[in-house]
Amino acid sequence: MAEQNKKKIRKYIFVVGGVMSGVGKGITTSSIGALLKARGFSVTAIKIDPYINIDAGTMNPTEHGEVFVLEDGDETDQDMGNYERFLDTTLSRTNYMTTGRVYQTVIENERNLKYKGKCVQVVPHIPLEVIRRIEKAAEKADADITVIEVGGTAGEYENILFLETARMLELRSPDDVSFVMVSYIPTPKMVGEMKTKPTQHAVRALNSAGIQPNVIIARSEGPMDTVRKDKIATFCNIKKENVISAPDVESIYEVPLNFEKDHLSDILLESLKLKPRDGDLKEWNNLVKKVKNGKKEVHIAIVGKYFQTGNFVLSDSYVSVIESIKFSAWQEGVKPVIHWLSSEDFEGKNTAANIRTLSKYHGIIVPGGFGSRGIVGKLAVIEHARKKKIPYLGLCYGMQLQVLEFARNVAGMKNASSREIDPDAADLVIDIMPDQKKKMEEEDYGGTMRLGAYPALLKKGTIAYEVYGKKKEISERHRHRYEVNPEYVKRLEDAGLIFSGTSPDGELMEIAELPRGVHPFFVGSQFHPEFKGRPFAPHPLFTSFIKAGLKPKKK
Ligand code: GLN
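Counting from 350, one number per residue, gives the positions in the sequence shown under this note's numbering.
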């Protein structure tokens, strides 16, 4: 009985940044998780974002990157997507927190008399709430090891309370907590060699928060030599073996293997007093082989408004779409080449010439988006893809626009539009549903989005049915406000569009397609399949789209 009541020992690894952000803390966290999972431990990951926003849903993707949606509808940071992909796991809102969330809970607790007359203070009450959240996530996943990424870098004002949390947790059980610092080692052109001084300062900043790193991930352009490792070891008070060389790599999926060259998982297990178990990185080795082996190229164009043509590409806004394309291409043994097309290039005077260039792509994607900017160009591209039989995949907004294009140009509704684009249009083929409309009128914007996993039923004999392996029911993640207006479904179907997936009550259209005899692949989904694409389990919609693109064209 006593045995049963004994609490399971849970271990925690905090990943913090040094020198500057954007050098791969998320990929490090994901890779550590993947390595420890491959060593036979159950692992989960947590992202802490040190801003006031309650979630990432209100943040502009051009500034903050993709909003990654979880099964439970939580709108989170794109790093959560990397964790799900690298750990091949499904996370929930317990795995994500922001400063805003933590304060909100503490304030609610105070109002609900939970602190029993005590003065509620930033320290310890905020760190204690962070610890409660971390422990809850570990328990929910029944994780042996929880890897926690602290946003920002050491020395910043914003994440100081999270570092304080980590320090308190370590004080409570020193053997159960380990610290990894991801630091940047620049090689200034005029010096021509790696400089470790910024890292020394970053470690000092971390030390002043009461934390000594166990491991330093040295992010640099090239591999790190022993001279530099020695220097970091001496001046940062860390064992030389615990300095891990992390040079730039071609593909992020090489990172776990690279870390293992410096024995990272053994070092972490030792620091957590865990007995090493035999691990197997076969899956990862195979993946990297596939990444490198593909010779034949598949050219996929993504049309959006968040980027311009040329070198300036905000691909961060579409990470999950890009990764999903890659996984499916690698599975098919080909090398994905992604082209970013700006919708505005298909609106002005060069439209006709630019449209002609589209036939060189194996497939075209119009991804999710909001607002009316760039719509004209996207519709022109979709029309061309339909007429010229270029494989097309519409993701959320891309599906709504596909339906609009069809309504206007095939079903004879010239003025068809979406309430989001033109609320006064004669035919609102894409509209808001009555319940949501009421909420909009009450200015309850939070409640007007369809978020997270919803089931859909598939129609037999359709492309979608085939794509999903003849499953009757599927579940996919959503993030949108508008829907295909049920009043127009019959007219669209009569004109030849097939709604091959619908909500179980048949009211909401989930997948739109043209039959195989008419077009090789003209499919759009109201949901975002990209959120469920995994390196070891590519998403079937992306795979079928790529396969269609690789098929020789019929003349
Ligand atoms: N803007 C559309 C809607 O709100 C599509 C959203 C999206 O693509 N994620 O319904």
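Just so you know, even glycine gets a beta-carbon here, dropped at the ideal spot from N, CA and C.
Item to check | Limits of the beta strand (DSSP E) - the one that His-688 falls within | outcome: By 1-based counting over the sequence shown, the position of residue 688 is 339. Where His-688 is concerned, the enclosing beta strand (DSSP E) stretches over 684-691.
Checklist entry - Looking only at its own chain, which residues have a Cβ that is under 6 angstroms from the Cβ of Arg-442, when we skip the five neighbours before and after it? => result In the sequence shown, residue 442 corresponds to position 93, counting from 1. Asp-421 and Asp-423.
Item to check | Short Cβ contact (8 angstroms threshold) for Gln-561 with Asn-591 | outcome: Indexing the sequence shown from 1 puts residue 561 at position 212. Indexing the sequence shown from 1 puts residue 591 at position 242. Going by C-beta atoms, Gln-561 is not nearer than 8 angstroms to Asn-591.
Checklist entry - Is the CB-CB distance between Ser-614 and Leu-385 below 8 angstroms? => result The count along the sequence shown starts at 1 and reaches residue 614 at position 265. The count along the sequence shown starts at 1 and reaches residue 385 at position 36. Taking 8 angstroms as the Cβ cut-off, Ser-614 and Leu-385 qualify as a contacting pair.
Checklist entry - Does the distance from the CB of Tyr-361 to the CB of Ile-483 come in under 8 angstroms? => result Looking up residue 361 in the sequence shown gives position 12. Looking up residue 483 in the sequence shown gives position 134. Yes, Cβ-Cβ distance for Tyr-361 and Ile-483 is below 8 angstroms.
Next on the checklist: Three Cβ pairs or more, each shorter than 8 angstroms: is that satisfied between the segment 693-709 and the segment 804-824?
Outcome noted: no
Checklist entry - Taking all protein chains shown into account, do 16 or more other C-beta atoms lie within 10 angstroms of the C-beta of Tyr-506, making it buried, or fewer, making it exposed? => result As a working note, residue 506 is residue 157 in the sequence shown. Tyr-506 should be labelled exposed.
Checklist entry - Where Thr-454 and Gly-559 are concerned, what is the direct C-alpha to C-alpha distance, given to the nearest angstrom? => result Locating residue 454 in the sequence shown gives position 105, counting from the first residue. Locating residue 559 in the sequence shown gives position 210, counting from the first residue. Rounded to the nearest angstrom, the two C-alpha atoms are 26 angstroms apart.
Checklist entry - To the nearest angstrom, how far is it from the Cα of Pro-535 to the Cα of Thr-575? => result Position 186 of the sequence shown, counted from the start, is the residue given in the question as residue 535. Position 226 of the sequence shown, counted from the start, is the residue given in the question as residue 575. Straight-line Cα distance between these residues: approximately 16 angstroms.
Item to check | CA-to-CA distance, Ala-734 to Gly-449, given in whole angstroms | outcome: Here residue 449 refers to the residue found at position 100 of the sequence shown. Here residue 734 refers to the residue found at position 385 of the sequence shown. When rounded, the distance between both Cα atoms is 44 angstroms.
Checklist entry - Cα-Cα, which of Gly-466, Met-573 and Pro-399 is closest to Lys-544? => result Reading the sequence shown from its first residue, position 195 is the one you call residue 544. If we check each option's Cα against that of Lys-544, Met-573 comes out closest.
Next on the checklist: Checking the sheet assignment: what are the DSSP bridge partners for Met-446?
Outcome noted: For the purposes of this step, residue 446 is taken as residue 97 along the sequence shown, with counting starting at 1. Met-446 is bridged to Ile-397.
Item to check | the segment 401-412 in contact with the segment 456-470 per 3-pair CB rule at 8 angstroms | outcome: no
Checklist entry - In three-state DSSP terms, what is Leu-385? => result By 1-based counting over the sequence shown, the position of residue 385 is 36. In this structure, Leu-385 counts as helix in the three-state DSSP scheme.
Checklist entry - Can you tell which of Gln-785, Phe-870, Ala-678 and Ile-494 has the C-alpha that lies nearest to the C-alpha of Asp-525? => result Position 176 of the sequence shown, counting from 1, holds the residue named residue 525. With distances taken between Cα atoms, Asp-525 lies closest to Ile-494.
Item to check | CB contact flag (Asp-398, Gly-500, <8 angstroms) | outcome: Position 49 of the sequence shown holds residue 398. Position 151 of the sequence shown holds residue 500. In this structure, Gly-500 lies closer than 8 angstroms to Asp-398 by Cβ.
Checklist entry - Short check: CB of Gly-643 to CB of Ala-595, under 8 angstroms? => result Locating residue 643 in the sequence shown gives position 294, counting from the first residue. Locating residue 595 in the sequence shown gives position 246, counting from the first residue. Not closer than 8 angstroms, so no.
Item to check | Bridge-paired residues (DSSP) for Met-573 | outcome: Taking the first residue of the sequence shown as position 1, residue 573 is located at position 224. DSSP output for Met-573 lists no bridge partner at all.
Next on the checklist: Using DSSP's beta-bridge definition, name the partner residues of Ile-456.
Outcome noted: Mapped onto the sequence shown, residue 456 falls at position 107. DSSP output for Ile-456 lists no bridge partner at all.
Checklist entry - Is His-868 helix, strand or coil by DSSP? => result Taking the sequence shown and counting its residues from 1, one reaches residue 868 at position 519. Three-state DSSP puts His-868 in coil, outside helix and strand.
Item to check | Counted within 10 angstroms of its Cβ, other Cβ atoms place Gln-875 as buried (16 or more) or exposed | outcome: Along the sequence shown, read from residue 1 onward, the residue named residue 875 stands at position 526. By the neighbour-count rule (16 or more Cβ atoms within 10 Å), Gln-875 is buried.
Checklist entry - Roughly how many angstroms lie between the CA atoms of Thr-583 and Ile-480, to the nearest whole one? => result In the sequence shown, the residue the question calls residue 583 occupies position 234. In the sequence shown, the residue the question calls residue 480 occupies position 131. Approximately 32 angstroms between the Cα atoms of the pair.
Item to check | Span separating the alpha-carbon of Ile-566 from that of Asp-597 | outcome: Position 217 of the sequence shown, counted from the start, is the residue given in the question as residue 566. Position 248 of the sequence shown, counted from the start, is the residue given in the question as residue 597. Rounded to whole angstroms, Ile-566 to Asp-597 spans 12 angstroms at the Cα level.
Item to check | Element boundaries [beta strand (DSSP E), containing Asp-426] | outcome: For this step, residue 426 is matched to residue 77 along the sequence shown. Residues 424-426.
Item to check | Residue burial classification, Arg-568 (beta-carbon count within 10 angstroms, cutoff 16) | outcome: The residue labelled residue 568 in the question sits at position 219 within the sequence shown. With 16 or more other Cβ atoms within 10 Å, it is buried.
Checklist entry - So Leu-806 is in the alpha helix (DSSP H); what residue range does that whole segment cover? => result Counted from its first residue, the sequence shown places residue 806 at position 457. Element bounds for Leu-806: not the alpha helix (DSSP H) but the beta strand (DSSP E), 799-807.
Checklist entry - Hey, would you say Thr-502 sits closer than 8 angstroms to Gly-366, going by beta carbons? => result As a first step, residue 502 is located in the sequence shown; it is residue number 153 there, counting from the start. As a first step, residue 366 is located in the sequence shown; it is residue number 17 there, counting from the start. In contact: Thr-502 and Gly-366 (Cβ atoms closer than 8 angstroms).
Item to check | Inter-residue CB distance, Leu-744 and Asn-834 (contact presumed, cutoff 8 angstroms) | outcome: In the sequence shown, the residue the question calls residue 744 occupies position 395. In the sequence shown, the residue the question calls residue 834 occupies position 485. Actually they do not touch by this definition, with Cβ atoms about 20 angstroms apart.
Checklist entry - Near Lys-489, which residues of its chain fall below 6 angstroms by C-beta distance, leaving aside the five closest residues on each side in sequence? => result Taking the sequence shown and counting its residues from 1, the one referred to as residue 489 is at position 140. Within the same chain, Lys-489 has close Cβ partners Thr-443.
Checklist entry - Between the segment 893-902 and the segment 708-717, are three or more C-beta pairs nearer than 8 angstroms? => result yes
Next on the checklist: If I measure Cβ to Cβ from Thr-658 and keep anything under 8 angstroms in the same chain, skipping five residues before and after, which residues do I get?
Outcome noted: Translated into positions along the sequence shown, residue 658 becomes position 309. Confidence at Thr-658 is low in this model, with a pLDDT of 44, below 50, so its placement is unreliable and no value can be given for it.
Item to check | Inter-residue CB distance, Val-759 and Gly-845 (contact presumed, cutoff 8 angstroms) | outcome: Translated into positions along the sequence shown, residue 759 becomes position 410. Translated into positions along the sequence shown, residue 845 becomes position 496. Between Gly-845 and Val-759 the Cβ distance is about 7 angstroms, and since that is below 8 angstroms, they are a contact.
Checklist entry - Would DSSP call Thr-438 helix, strand or coil? => result Start at 1 with the first residue of the sequence shown, and residue 438 comes out as number 89. Correct three-state label for Thr-438: coil.
Next on the checklist: Pop quiz: Tyr-452 and Thr-425 are said to be a contact at Cβ under 8 angstroms. What is the actual Cβ separation, rounded to whole angstroms?
Outcome noted: Counting from one through the sequence shown, the residue named residue 452 turns up at place 103. Counting from one through the sequence shown, the residue named residue 425 turns up at place 76. 18 angstroms between Cβ atoms; not a contact.
Next on the checklist: Please tell me whether Val-364 and Tyr-533 are closer than 8 angstroms, where the distance is taken between their beta carbons.
Outcome noted: The count along the sequence shown starts at 1 and reaches residue 364 at position 15. The count along the sequence shown starts at 1 and reaches residue 533 at position 184. Their beta carbons are not under 8 angstroms apart, which means Val-364 does not touch Tyr-533 by this criterion.
Checklist entry - Who are the near neighbours of Ser-379 in its chain, counting only those whose CB is closer than 6 angstroms to its CB and skipping five residues on each side? => result The residue you call residue 379 lines up with position 30 of the sequence shown. These residues qualify, in order along the chain: Asn-431, Tyr-432 and Phe-435.
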